[in-house]
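Single-structure report; data block below.
There are 2 protein chains.
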Amino acid sequence: MDSLSFFTSLFEPRAIAFIGASTSPAKWGFNILHHLFRGGYDGPVYPINAQGGDWFGRPMYRRLADVPGSADLAVIVVPKEKVADALRDCGAAGIAAAVVITAGFGETGAAGRAMEEEVLSVARACGIRIVGPNTMGIYSAYPRRVRAVMAVSQYQPGAVALISQSGNLGTSIADRFIRRGIGMSRLVSSGNEADLTVEDYLDYLETDEKTKVICLYVEGVRQGGRFIETVRRVSAVKPVILLKGGIGTVGADAARSHTGALAGSFAVFRAVCRQANVIIADTIDEMVDIAGLLLSQPEIRGRRIGIVTQGGGLGVLSADLCEAVGLEIPPLSDRVVEMLDAYLPPFWSRRNPVDLVAPGRVSMITDSTAALLAHEDLDAVLLLGLGYLTCRATHWLDSPVLPREVMAEPAQKMIDGEKELVELIVRQIRQFNKPIIPVIDIIGFDEPGERNIVRKLDAGGVMAYSSPERAIRALAKAQTYYSRRRNRAGKTIDENSRRAEEAPGVLCAS
Amino acid sequence: MDSLSFFTSLFEPRAIAFIGASTSPAKWGFNILHHLFRGGYDGPVYPINAQGGDWFGRPMYRRLADVPGSADLAVIVVPKEKVADALRDCGAAGIAAAVVITAGFGETGAAGRAMEEEVLSVARACGIRIVGPNTMGIYSAYPRRVRAVMAVSQYQPGAVALISQSGNLGTSIADRFIRRGIGMSRLVSSGNEADLTVEDYLDYLETDEKTKVICLYVEGVRQGGRFIETVRRVSAVKPVILLKGGIGTVGADAARSHTGALAGSFAVFRAVCRQANVIIADTIDEMVDIAGLLLSQPEIRGRRIGIVTQGGGLGVLSADLCEAVGLEIPPLSDRVVEMLDAYLPPFWSRRNPVDLVAPGRVSMITDSTAALLAHEDLDAVLLLGLGYLTCRATHWLDSPVLPREVMAEPAQKMIDGEKELVELIVRQIRQFNKPIIPVIDIIGFDEPGERNIVRKLDAGGVMAYSSPERAIRALAKAQTYYSRRRNRAGKTIDENSRRAEEAPGVLCAS
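As given, the protein sequences belong to chains D and L, one line each in that order. Numbers 1 to 510, taken from my numbering, label the letters of the first sequence in order. Numbers 511 to 1020, taken from my numbering, label the letters of the second sequence in order.
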């Protein structure tokens, strides 16, 4: 869309003017500039400070007019009284987009609102579109990394876009992405949305080829109709996961003083989002869990789940949870039981969940997952208890009680076995084009370096979960999304998706 | 209680016979023995193996009769056909308690059940009380560390006891305790409960001075009346947190084949547990969150919460969540607003949640928490966004863009500031005898070594949470427990606890 061309200046700037550069570590004008350099942006950055001088070896220019080249994007961190003038300078310099970090506008009351109006009218007069004001900044991964954000984390490039009406909540979500190996395409802290609103960003992300999944933190929308029309359209193309703030009465008041947004009735909002096939996340963690699952697994075609567990209790709890969120744990067919009888020791459970009772060989696990995925009545496999073999091997190798020369061989065999297991799982997901959702024992998350099974799965593009509950909730919500999308696309409604559609609301809080 | 004296042999053995020692790393008889030695047990351990030989330098005895001393406890890992004989040997040797690791009994069907009956009658004839069979083992921290368990983790001594009807789920819970710095007094994987049942362990734990909080994973109880009578009695003295498996139809079937337990109706079970003031945890993570809160914070006297946040969005979401679980976010009194006006910059929110908007000084945070705790209308404070200053400092120090000599001083100031903040929080909790629940930014959890704020809080005895949701859910359930306990103790029912008692069921799934 041509009307979205200013987004190229915002997310793909060839050069950046940084207005309000500071050498004082306490200032935002220091930290965001630091992050821009440290983030690896490879185009020119022009720091501007009315006093001139240098920023740790880099020249600071007194005025935008002094910089030796042109810029596409301005990041503005000057005091609020000077923002309008900065925008006028940007207009004169032919800059098409500005991130206005500066706060103290509409969120503070009537005087601030008036000042925000003035800033907006200046921006419009100069033909500049603005992010903010009162924003933590933006990150863009492609084609070059623009890390113009107050958050201290080094984001990784990837396929999730995050639009947040709260800077600190955006930071909190984005940090969870880092922790779980999920890269981002774009991040916007949308601030007061004086000009660009969450709907505008969605318009851009709809056709942004780098973005596969969109996450939103929303406290309130001013154009309800446009919001719903937009998320409905975008959801038909790529998943939109939404976390809503300001649901309760105190939270709604706090939201009003935070970004000036009107929260409205959550019941109504939720109902229309559900109609629009938006995935509603109940918590910050859940948003990240769902995004990772959508990115790392094939489309889930129905809600019938096979469970493979290395011990009883986790299988029991997982079956409980699946039922509670509207997933099914169908019985195994005679053919599958027969197949598994050939591979598994006599004491295996002979039911779904498939309980391997501390399997002696890793092939018992992959034989089980393969048999279940080949089963046409199952849509996905939940695989519980990975990472334990490697932890046991480490416990042997670290032991002051055991001679290392005796333990080295069996330990290495277990480490290699579990590594091979991970590779097989990654391959089976592609081969069967069905999800295998791995749940790693919590101690597996702490395994250092090379041995870490979570990192190995990350490298294979597969998200691991630290508890069955988190995996199952994410699976249920992803399944509902796909099912509704297929139905609305007017394709043949198969039996599974019909059932999923008829399933009670437990599938989502959506 | 004298009838419980065999528990002294079980949890406080002066010497241990290990029947079924193995030098093969694939065997349970190898691993559990390894863990016993590695766990730091400082009494004599007598490994017994019919072939004799040595276990990496330690002698293995052919028969129990050959060991050079007496033992209080036997750990039995021999094949199932030999368990009865092993118990007879134990009886002859005067051993009063045995942990029967061996599986293949009641959980496998009619033949196994018959064999289990025989084992039980031998044990009774010999005067031995048994844990199991089909158990992962036990851990006891006091007075000497008995780590007779298949799990590979090094448990830390502490005040939580965990009784689990599933070995792998017990492991999963216990590993989360380690991860969150929570120590255990006792751990029992109760297995098939042929002899000792969950009710027996509860009887012991009721008066065990080392245990302050009790966690239970239960799939089914055979003596429903005794179970409820016991948890009611124990809950009046110390909190009992229960996670229930086998709630759904598939899960209940799986539980039956897992430990042979009948799951029964969860609705009924939950109702009677609620009556007995048992805290019902909905997930593994939640069990750990609640236990940590009960251990590390003063009693919560009501449900009125003050929130202090360093940014808007987390405050909004937290207020939403508090309302959803039945906690209150009361308005601030004029006096508190006046007090805070003196400390805080002009743009602070002047409401609850107290939004400090990226506070410049740590004293702004501690002045806020102190003002709120001094407020007689508030029962606890939720403190959001700790750890960020230290992460920012680290980001400066690690930066290839910034000169280290310039950054060293401001970075150290921030690190020291946040360290001091943590110390002040720990002190304020004691001073006001009210909880301050710290929520740490997720990146703060990854900060290495000395700088890690989570470890600093752990060292101060205060549990930190990685998300507001987890903190708030734990807080709500702990508050309900205390409120009901006060009411049932017949003490004056103050206004807060009356309201909490009348609050809707959202307080718990209980």
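Every residue, glycine too, gets a C-beta built ideally from N, C-alpha and C. Keep in mind that this is a model prediction, so the values were computed, not measured.
Find the residues of chain D that neighbour C901 of chain L, judging by a C-beta separation of less than 7 Å, and give them in chain order.
Your numbering for residue 901 of chain L matches position 391 in the second sequence. Simply V152.
Would you call the segment 803-820 of chain L and the segment 984-991 of chain L in contact, with 3 or more CB pairs under 8 Å?
These segments touch.
Any idea which residues DSSP pairs Y61 of chain D with across the strands?
Within the first sequence, the letter at position 61 stands for residue 61 of chain D. DSSP output for Y61 of chain D lists D:I48 as bridge partner(s).
Give the secondary structure of F227 of chain D by DSSP, where H, G and I count as helix, E and B as strand, and everything else as coil.
Counting from 1 along the first sequence, the entry for residue 227 of chain D is found at position 227. The answer is helix: DSSP assigns F227 of chain D an H, G or I state.
Assuming T102 of chain D and V77 of chain D are in contact, meaning their beta carbons sit under 8 Å apart, how far apart are those beta carbons, in whole angstroms?
As a position in the first sequence, residue 102 of chain D is number 102, starting the count at 1. As a position in the first sequence, residue 77 of chain D is number 77, starting the count at 1. At roughly 6 Å, the Cβ-Cβ gap stays under 8 Å, so T102 of chain D and V77 of chain D are in contact.
Hey, does V401 of chain D have any beta-carbon neighbour from chain L nearer than 7 Å?
In the first sequence, the residue the question calls residue 401 of chain D occupies position 401. So, interface residue.
Along the chain, where does the alpha helix (DSSP H) containing L520 of chain L start, and where does it finish?
By one-based count along the second sequence, residue 520 of chain L stands at place 10. Looking at the DSSP string, the run of the alpha helix (DSSP H) that includes L520 of chain L is F516 to F521.
For E376 of chain D, name the three-state secondary structure that DSSP assigns.
Looking up residue 376 of chain D in the first sequence gives position 376. Coil at E376 of chain D, not helix or strand.
Helix, strand or coil for A500 of chain D? Go by DSSP, reduced to three states.
Locating residue 500 of chain D in the first sequence gives position 500, counting from the first residue. Low local confidence applies: a pLDDT of 39 at A500 of chain D is under 50, so the model's placement there is unreliable, and no value is given.
Give the straight-line distance between the Cα atoms of I790 of chain L and F687 of chain L, rounded to the nearest whole angstrom.
Counting from 1 along the second sequence, the entry for residue 790 of chain L is found at position 280. Counting from 1 along the second sequence, the entry for residue 687 of chain L is found at position 177. If you take the alpha carbons of I790 of chain L and F687 of chain L, they lie about 18 Å apart.
Can you have a look at P403 of chain D and say buried or exposed, based on whether 16 or more other CB atoms are within 10 angstroms of its CB?
In the first sequence, residue 403 of chain D corresponds to position 403, counting from 1. Exposed: under 16 other Cβ atoms inside 10 Å.
Counting only beta-carbon atoms, is P589 of chain L nearer than 7 Å to chain D?
As a position in the second sequence, residue 589 of chain L is number 79, starting the count at 1. No - not a single Cβ of chain D is within 7 Å of the one on P589 of chain L.
Work out the CA separation of C901 of chain L and S674 of chain L for me, nearest whole Å.
Locating residue 674 of chain L in the second sequence gives position 164, counting from the first residue. Locating residue 901 of chain L in the second sequence gives position 391, counting from the first residue. Taking the straight line from one Cα to the other gives about 38 Å.
What span of residues does the alpha helix (DSSP H) with G313 of chain D cover, start to end?
Position 313 of the first sequence, counting from 1, holds the residue named residue 313 of chain D. Counting along the chain, the alpha helix (DSSP H) containing G313 of chain D begins and ends at G312 to A324.
If you measure beta-carbon to beta-carbon, which residues of the segment 198-221 of chain D are closer than 7 Å to chain L?
Flagged, chain order: Y217 and E219.
Which residue marks the beginning of the beta strand (DSSP E) containing R484 of chain D, and which one marks its end?
In the first sequence, the residue the question calls residue 484 of chain D occupies position 484. Note, R484 of chain D: premise wrong, no beta strand (DSSP E); alpha helix (DSSP H) at P468 to R488.
Under DSSP, the beta strand (DSSP E) around L162 of chain D begins and ends at which residues?
Translated into the one-based positions of the first sequence, residue 162 of chain D becomes position 162. Looking at the DSSP string, the run of the beta strand (DSSP E) that includes L162 of chain D is P157 to S164.
Taking the CB atoms as reference points, tell me whether S185 of chain D and K210 of chain D lie closer together than 7 Å.
Numbered from its first residue, the first sequence carries residue 185 of chain D at position 185. Numbered from its first residue, the first sequence carries residue 210 of chain D at position 210. Yes; because the gap between Cβ atoms is below 7 Å, this pair is in contact.
Could you tell me whether the Cβ of P1014 of chain L comes closer than 7 Å to any Cβ of chain D?
Your numbering for residue 1014 of chain L matches position 504 in the second sequence. Residue confidence is low: P1014 of chain L scores 31 on pLDDT, short of 50, so the model does not pin down where it sits. No coordinate-derived value is stated.
Strictly below 8 Å CB to CB, what residues from chain L border T249 of chain D?
Start at 1 with the first residue of the first sequence, and residue 249 of chain D comes out as number 249. Chain L residues near T249 of chain D: E833.
For Q820 of chain L, which residues in chain D fall below 8 Å Cβ to Cβ?
Here residue 820 of chain L is taken as the residue at index 310 of the second sequence, counted from 1. Those within 8 Å of Q820 of chain L in chain D are N168.
If you follow the alpha helix (DSSP H) that Y388 of chain D is in, where does it begin and where does it stop?
Position 388 of the first sequence, counted from the start, is the residue given in the question as residue 388 of chain D. Start and end: Y388 to L397.
Is any beta-carbon of chain L found at less than 7 Å from that of G20 of chain D?
In the first sequence, the residue the question calls residue 20 of chain D occupies position 20. So, not an interface residue.
Within 10 Å of its beta-carbon, does V237 of chain D have 16 or more other beta-carbons around it, so buried, or fewer, so exposed?
As a working note, residue 237 of chain D is residue 237 in the first sequence. The residue in question, V237 of chain D, is exposed, as its Cβ has fewer than 16 Cβ neighbours within 10 Å.
Determine which residues of the segment 21-42 of chain D have a Cβ less than 8 Å from any Cβ of chain L, and write them out in chain order.
From the segment 21-42 of chain D, only P25, A26, N31, H34, F37 and R38 have a Cβ closer than 8 Å to chain L.
Is the CB of S977 of chain L under 7 Å away from at least one CB in chain D?
Walking along the second sequence from the start, residue 977 of chain L turns up at place 467. So yes, S977 of chain L belongs to the interface.
Among the residues of its own chain, which have a CB less than 6 Å from the CB of A464 of chain D, if the five just before and after it don't count?
Counted from its first residue, the first sequence places residue 464 of chain D at position 464. Result list for A464 of chain D: P438, I440, V454 and L457, in chain order.
Hey, M917 of chain L and L907 of chain L are a contact pair by Cβ (cut 8 Å); roughly how many whole angstroms apart?
As a working mapping, residue 917 of chain L is identified with position 407 in the second sequence. As a working mapping, residue 907 of chain L is identified with position 397 in the second sequence. Confirmed, about 6 Å.
With a CB to CB cut of under 6 Å and the five nearest residues on each side skipped, what residues in its chain are close to I145 of chain D?
Within the first sequence, the letter at position 145 stands for residue 145 of chain D. First, the amino acid is wrong: residue 145 of chain D is Arg here, not Ile. G39, G40 and Y41.
Might you give, ordered along the chain, the residues of its own chain that have their beta carbon closer than 7 Å to the beta carbon of L804 of chain L, omitting 5 neighbours on each side?
Here residue 804 of chain L refers to the residue found at position 294 when the second sequence is read from its first residue. If we look at L804 of chain L and ignore the five residues flanking it on each side, its Cβ neighbours are V723, P749 and A988.
Per DSSP, what kind of secondary structure is I130 of chain D in: helix, strand or coil?
As a working mapping, residue 130 of chain D is identified with position 130 in the first sequence. Note: I130 of chain D maps to strand in three-state DSSP.
What number of angstroms, rounded off, separates the C-alpha of A324 of chain D from the C-alpha of Q431 of chain D?
Along the first sequence, read from residue 1 onward, the residue named residue 324 of chain D stands at position 324. Along the first sequence, read from residue 1 onward, the residue named residue 431 of chain D stands at position 431. Approximately 30 Å between the Cα atoms of the pair.
Taking 7 Å as the CB-CB limit, is L804 of chain L close to chain D?
Your numbering for residue 804 of chain L matches position 294 in the second sequence. Chain D contact via Cβ: absent.
What does the Cβ neighbour count give for S153 of chain D, buried or exposed, with the cut at 16 atoms within 10 Å?
What you label residue 153 of chain D is simply residue 153 of the first sequence in a count that begins at 1. Per the 10 Å Cβ criterion, buried.
Just to make sure I have the definition right: I need the residues of chain L whose C-beta is within less than 8 Å of the C-beta of T108 of chain D. Which are they?
Looking up residue 108 of chain D in the first sequence gives position 108. Near T108 of chain D (Cβ distances below 8 Å), the residues of chain L are F857.
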